[in-house]
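Protein sequence lines correspond, in order, to chains L and G. Residues 2 to 204 in the working numbering are what the first sequence spells out, letter by letter. Residues 2 to 204 in the working numbering are what the second sequence spells out, letter by letter. Some notes on the structure that comes next.
Protein chains: 2
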Amino acid sequence: MSIPDKVVNRLALYHFILEDLKDDEQYISSTKIAQLLNIDNSQVRKDIKYLDNSGKCRVGYDARRLKKAIEDCLGFQQKKDAFIIGAGNLGSALAKYDSFQDYGLNILAMFDNDPKKIGTTINGKEVFNLTKVGNLVRRLNVEIAILTIPREYAKGVALYLAGAGIKYIWNFTPCVLDVPSDVKVWNENLIGSFLQFTNNDEV
Amino acid sequence: MSIPDKVVNRLALYHFILEDLKDDEQYISSTKIAQLLNIDNSQVRKDIKYLDNSGKCRVGYDARRLKKAIEDCLGFQQKKDAFIIGAGNLGSALAKYDSFQDYGLNILAMFDNDPKKIGTTINGKEVFNLTKVGNLVRRLNVEIAILTIPREYAKGVALYLAGAGIKYIWNFTPCVLDVPSDVKVWNENLIGSFLQFTNNDEV
Chain L
2 MSIPDKVVNR LALYHFILED LKDDEQYISS TKIAQLLNID NSQVRKDIKY
52 LDNSGKCRVG YDARRLKKAI EDCLGFQQKK DAFIIGAGNL GSALAKYDSF
102 QDYGLNILAM FDNDPKKIGT TINGKEVFNL TKVGNLVRRL NVEIAILTIP
152 REYAKGVALY LAGAGIKYIW NFTPCVLDVP SDVKVWNENL IGSFLQFTNN
202 DEV
Chain G
2 MSIPDKVVNR LALYHFILED LKDDEQYISS TKIAQLLNID NSQVRKDIKY
52 LDNSGKCRVG YDARRLKKAI EDCLGFQQKK DAFIIGAGNL GSALAKYDSF
102 QDYGLNILAM FDNDPKKIGT TINGKEVFNL TKVGNLVRRL NVEIAILTIP
152 REYAKGVALY LAGAGIKYIW NFTPCVLDVP SDVKVWNENL IGSFLQFTNN
202 DEV
C-alpha cells in the first residue's frame with residue numbers, strides 16, 4: 002500500500018516521540034502524540050491505521066509495538082546505501098548525523114574536488130575525488146547521491162552523477178536539476194520550507 | 002489569501018528555475034517548468050494563479066514579472082531576523098548559506114556552549130554563549146531560532162529558548178520538542194524527508 006508523503010513524514014515524527022519515551026512509559030495515547038505535534042487527534046489515529054499495528058487498548062497504543070510497526074512499515078531495516086557529494090559543512094553535518102543509520106540510510110563515502118579534503122575521513126567516511134564516483138557507483142552498487150555542493154556547480158555535477166549511474170539524487174542545493182528522466186530527484190527545499198513556516202504564521 | 006504549504010514549496014522551486022534562466026530567455030512556459038520538476042503542467046498553471054501576475058502571453062510567462070510576483074507573494078523583501086542555535090557543522094552550513102538572505106531570512110548571530118566556538122565568527126556571524134540568548138532576543142527583537150544542536154539537548158534547549166522569548170523554532174533535530182503553546186515549531190524532518198523519497202520509489 003502506498004502511503005501519502007505527509008503521512009510518512011508524520012510517522013517519522015511519531016517515531017521520534019516513541020524513541021524519547023522513558024522505559025516505564027508502556028503506553029501512549031493519540032491525544033498525547035497530537036498535543037506534542039499540535040495536530041488533530043483524529044489525524045494521528047488515521048495515520049496509525051496505515052500500519053500493521055494491533056497494539057491498541059483502552060489506555061492507548063503499546064509504545065514498543067507501535068514503534069516496531071512504524072519501523073517495519075517505513076523499512077528502517079532495509080539499508081539504503083548512499084554517497085554524499087560535497088564535503089563542505091552541510092555534507093559533513095549529514096555524514097556526522099548518526100541517526101540516519103537507525104532509519105536505514107547508510108552513507109558509504111563522500112566525494113569532493115578539493116585536494117585538501119580528498120583522502121580525509123569524516124565520521125569514518127572517506128572523502129574521494131569526485132572523478133572516482135562512477136567507479137565506486139559500479140563497485141559498491143550505490144544508487145543514491147546526496148548533493149550538498151555550491152549552487153553554481155549543482156546542475157553540472159547532477160548530470161555527471163547521472164552519467165556515472167546514480168539513480169536517485171537527494172538535492173540540498175537551491176537549484177532545480179535537469180537530469181535524464183530515469184534519475185529521480187528529491188528536492189530538500191530548505192528555502193521553501195522556511196517560506197512555508199513564515200508564510201503560515203506571519204512571523 | 003493563505004497559500005497551501007505544498008504550493009509555497011513549489012513556488013520557491015519555480016523561483017530557483019527563474020533565477021537560473023539566461024538573460025536572453027525572456028519567457029518561460031508552464032510546460033518547461035513542469036518538465037523540469039517532473040510534475041503536471043496544469044499544476045504549475047494552478048499554482049501561478051495564486052500570484053498577482055498578469056504577465057502571461059501566448060509564448061509563456063514573462064520571466065522577470067513572474068519572478069517578481071513570486072518574490073512579492075512570498076515576502077522575500079520582508080526580512081525576518083533569526084538566530085542559529087548550535088555552531089556545529091549544520092549550524093555553520095546554514096550560516097554560510099548566503100541564498101537565505103535573498104529569500105528574506107537574515108541570520109544575525111549564532112549561539113553555542115562550547116568555549117572553543119564562543120567568540121569566533123562564521124560567515125560574519127558571531128558565536129555567543131548560549132546563556133546570552135535571552136538578552137540578545139530582547140535587544141535585537143528576534144523571534145526565530147534555528148535549532149541545530151545534538152538530539153540529546155534539543156528538548157531542554159527548546160524550553161530554554163521559549164523562556165528567553167523566542168516565538169518560532171525551526172527544528173533541525175530528530176526530536177519532537179515540547180514547548181509552551183505560544184511557541185510555534187516547524188520540524189525540518191530530514192529523516193521523514195528521506196523516508197518519503199525512498200518509500201515512494203522503492204530504492
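Ideal Cβ placement from N, Cα and C applies to all residues, glycine included. Small disclaimer: the values here were computed from a predicted structure and weren't measured.
_Within 8 Å, do at least three Cβ pairs link the region 189 to 199 of chain L to the region 28 to 38 of chain G?_
No, they do not touch.
For residue 14 (chain G), which beta-bridge partners are listed by DSSP?
Reading the second sequence from its first residue, position 13 is the one you call residue 14 (chain G). The bridge partners DSSP lists for residue 14 (chain G) come to none.
Check your understanding: So with Cβ pairs under 8 Å, would you call residue 204 (chain G) a contact of chain L?
Key -> Within the second sequence, numbered from 1, the residue matching residue 204 (chain G) stands at position 203. The predicted model places residue 204 (chain G) with a pLDDT of 45, which falls under 50 and marks its position as unreliable; any figure quoted below should be read in that light. At least one chain L Cβ lies under 8 Å of residue 204 (chain G).
Closer than 8 Å, CB to CB, is residue 190 (chain L) near chain G or not?
Working through the first sequence from its first residue, we reach residue 190 (chain L) at position 189. Yes - at least one Cβ of chain G is within 8 Å of the one on residue 190 (chain L).
Exercise for the section: Kindly list, in the order they appear in chain L, the residues whose Cβ is closer than 8 Å to that of residue 197 (chain G). Expected result: Looking up residue 197 (chain G) in the second sequence gives position 196. Simply 6, 9, 10, 187.
Practice task
Output, in sequence order along the chain, the residues in the region 84 to 98 of chain G whose CB is closer than 9 Å to any CB in chain L.
Solution key: Only those residues of the region 84 to 98 of chain G whose C-beta falls short of 9 Å from the nearest C-beta of chain L are listed: 89, 90, 91, 92, 93, 94, 95, 96, 97, 98.
Using a Cβ cut-off of 9 Å, pull out every chain L residue sitting near residue 112 (chain G), in sequence order please.
-> In the second sequence, residue 112 (chain G) corresponds to position 111, counting from 1. Per Cβ cutoff of 9 Å: no residues; residue 112 (chain G) is ~17 Å from chain L at best.
**Item:** Chain-ordered chain G contacts of residue 176 (chain L) [CB-CB under 7 Å]
**Value:** Residue numbering aside, residue 176 (chain L) sits at position 175 when the first sequence is read from its first letter. Under the 7 Å cutoff, chain G gives 17, 21.
### Beta-carbon proximity list for residue 70 (chain L), same chain, < 7 Å, skipping 5 on both sides
Within the first sequence, the letter at position 69 stands for residue 70 (chain L). The answer, listed in chain order, is 52, 53, 54.
**Study point:** Best match in L:184, L:195, L:165, L:33 for proximity to residue 139 (chain L) [C-alpha to C-alpha]
**Key:** For the purposes of this step, residue 139 (chain L) is taken as the residue at position 138 of the first sequence. Of the candidates L:184, L:195, L:165, L:33, the one whose C-alpha sits nearest the C-alpha of residue 139 (chain L) is L:165.
Identify the continuous alpha helix (DSSP H) that holds residue 90 (chain G) and give its terminal residues. One-based indexing of the second sequence puts residue 90 (chain G) at position 89. Here the alpha helix (DSSP H) through residue 90 (chain G) covers 90 to 96.
For this session: Report yes if the CB atom of residue 112 (chain L) is closer than 8 Å to the CB atom of residue 131 (chain L), and no otherwise.
Result: Within the first sequence, residue 112 (chain L) is the residue found at index 111, counting from 1. Within the first sequence, residue 131 (chain L) is the residue found at index 130, counting from 1. Yes, Cβ-Cβ distance for residue 112 (chain L) and residue 131 (chain L) is below 8 Å.
query: Is the Cβ of residue 125 (chain G) closer than 8 Å to any Cβ of chain L?
result: Position 124 of the second sequence holds residue 125 (chain G). Judged by the 8 Å Cβ criterion, residue 125 (chain G) is not in contact with chain L.
- Task: Output the boundary residues of the beta strand (DSSP E) element that contains residue 130 (chain L).
- Result: As a working note, residue 130 (chain L) is residue 129 in the first sequence. Start and end: 126 to 130.
Whose CA, out of L:119, L:179, L:199, L:23, lies closest to the CA of residue 187 (chain G)? Numbered from 1 along the second sequence, position 186 holds the residue referred to as residue 187 (chain G). Looking at the Cα atoms, L:199 is the closest of the given residues.
Exercise. What residue does the beta strand (DSSP E) around residue 108 (chain G) start on, and which one ends it?
Worked result: Your numbering for residue 108 (chain G) matches position 107 in the second sequence. Taken as a continuous stretch (DSSP letters only), the beta strand (DSSP E) holding residue 108 (chain G) covers 106 to 113.
request  = Report yes if the CB atom of residue 167 (chain G) is closer than 8 Å to the CB atom of residue 146 (chain G), and no otherwise.
outcome  = Taking the second sequence and counting its residues from 1, one reaches residue 167 (chain G) at position 166. Taking the second sequence and counting its residues from 1, one reaches residue 146 (chain G) at position 145. Going by C-beta atoms, residue 167 (chain G) is nearer than 8 Å to residue 146 (chain G).
Can you tell me whether residue 176 (chain G) is helix, strand or coil according to DSSP? Here residue 176 (chain G) refers to the residue found at position 175 of the second sequence. If DSSP states are grouped into helix, strand and coil, residue 176 (chain G) belongs with coil.
Legend entry - Status (buried if at least 16 other CB within 10 Å, exposed otherwise) for residue 116 (chain G): For the purposes of this step, residue 116 (chain G) is taken as the residue at position 115 of the second sequence. Label assigned to residue 116 (chain G): exposed.
Exposure of residue 3 (chain L), with buried meaning 16 or more beta-carbon neighbours within 10 Å:
Taking the first residue of the first sequence as position 1, residue 3 (chain L) is located at position 2. With fewer than 16 Cβ atoms within 10 Å of its Cβ, residue 3 (chain L) is classed as exposed.
Q. What are the start and end residues of the alpha helix (DSSP H) that includes residue 148 (chain G)?
A. As a working mapping, residue 148 (chain G) is identified with position 147 in the second sequence. Counting along the chain, residue 148 (chain G) falls outside any alpha helix (DSSP H), though it belongs to the beta strand (DSSP E) covering 145 to 148.
>> Which residues does DSSP list as the beta-bridge partners of residue 58 (chain L)?
In response: What you label residue 58 (chain L) is simply residue 57 of the first sequence in a count that begins at 1. Looking at the DSSP assignment, residue 58 (chain L) forms a beta bridge with L:61.
query = Helix or strand or just coil, what does DSSP make of residue 192 (chain G)?
reply = The residue given as residue 192 (chain G) occupies position 191 in the second sequence. The answer is helix: DSSP assigns residue 192 (chain G) an H, G or I state.
Q. By how many angstroms is the C-alpha of residue 12 (chain L) removed from the C-alpha of residue 171 (chain G)?
A. Here residue 171 (chain G) refers to the residue found at position 170 when the second sequence is read from its first residue. Here residue 12 (chain L) refers to the residue found at position 11 when the first sequence is read from its first residue. For residue 171 (chain G) and residue 12 (chain L), the distance between alpha carbons rounds to 19 Å.
Should residue 157 (chain L) be counted as a contact of the ligand FMN given a C-beta to heavy atom distance under 7 Å?
With respect to the ligand FMN, the structure offers nothing, as it holds no ligand at all.
Exercise. Pull up the CB-CB distance for residue 85 (chain L) and residue 149 (chain L), whole angstroms please, since I reckon it's below 8 Å.
Key: For the purposes of this step, residue 85 (chain L) is identified with residue 84 of the first sequence, where counting begins at 1. For the purposes of this step, residue 149 (chain L) is identified with residue 148 of the first sequence, where counting begins at 1. So it is a contact: roughly 6 Å between Cβ atoms.
task: Give the residues of chain L in contact with residue 14 (chain G), contact being defined as C-beta atoms less than 7 Å apart.
output: Locating residue 14 (chain G) in the second sequence gives position 13, where the first residue counts as 1. By Cβ distance, chain L contributes 177, 188, 190, 193.
Check your understanding: Does the pairing of the region 95 to 111 of chain G with the region 32 to 50 of chain G give three or more beta-carbon distances under 8 Å?
Key -> No, they do not touch.
*asked:* So residue 104 (chain G) contacts chain L; which residues on that side make the cut at Cβ distance below 8 Å?
replied: Here residue 104 (chain G) refers to the residue found at position 103 when the second sequence is read from its first residue. Correct list: 192, 195, 196.
Worksheet entry | Beta bridge counterpart(s) of residue 51 (chain G) as assigned by DSSP | The residue given as residue 51 (chain G) occupies position 50 in the second sequence. DSSP output for residue 51 (chain G) lists no bridge partner at all.
Between the C-alpha atoms of residue 79 (chain G) and residue 184 (chain L), what's the straight-line distance to the nearest angstrom? As a first step, residue 79 (chain G) is located in the second sequence; it is residue number 78 there, counting from the start. As a first step, residue 184 (chain L) is located in the first sequence; it is residue number 183 there, counting from the start. One C-alpha to the other measures close to 36 Å.
Using C-beta distances below 7 Å, list every residue in its chain close to residue 45 (chain L), excluding the 5 sequence neighbours before and after it, in chain order.
Along the first sequence, one-based indexing puts residue 45 (chain L) at 44. 31, 34, 35, listed in sequence order.
* Under a three-way DSSP split, which group does residue 32 (chain G) fall into? -> Position 31 of the second sequence, counted from the start, is the residue given in the question as residue 32 (chain G). Of the three classes helix, strand and coil, the one that applies to residue 32 (chain G) here is helix, per DSSP.
Cβ-Cβ distance between residue 163 (chain G) and residue 181 (chain G) below 8 Å | Taking the first residue of the second sequence as 1, we reach residue 163 (chain G) at position 162. Taking the first residue of the second sequence as 1, we reach residue 181 (chain G) at position 180. Their beta carbons are under 8 Å apart, which means residue 163 (chain G) touches residue 181 (chain G) by this criterion.
Worksheet item: With C-beta atoms as the reference, is residue 94 (chain G) less than 8 Å away from residue 90 (chain L)?
Response: The residue you call residue 94 (chain G) lines up with position 93 of the second sequence. The residue you call residue 90 (chain L) lines up with position 89 of the first sequence. Contact: yes.
Close beta carbons around residue 67 (chain L), own chain, < 8 Å, minus the five adjacent residues each side | Stepping through the first sequence from its first residue, residue 67 (chain L) is reached at position 66. 15, 19, 29, 49, 52, 54, 56, listed in sequence order.
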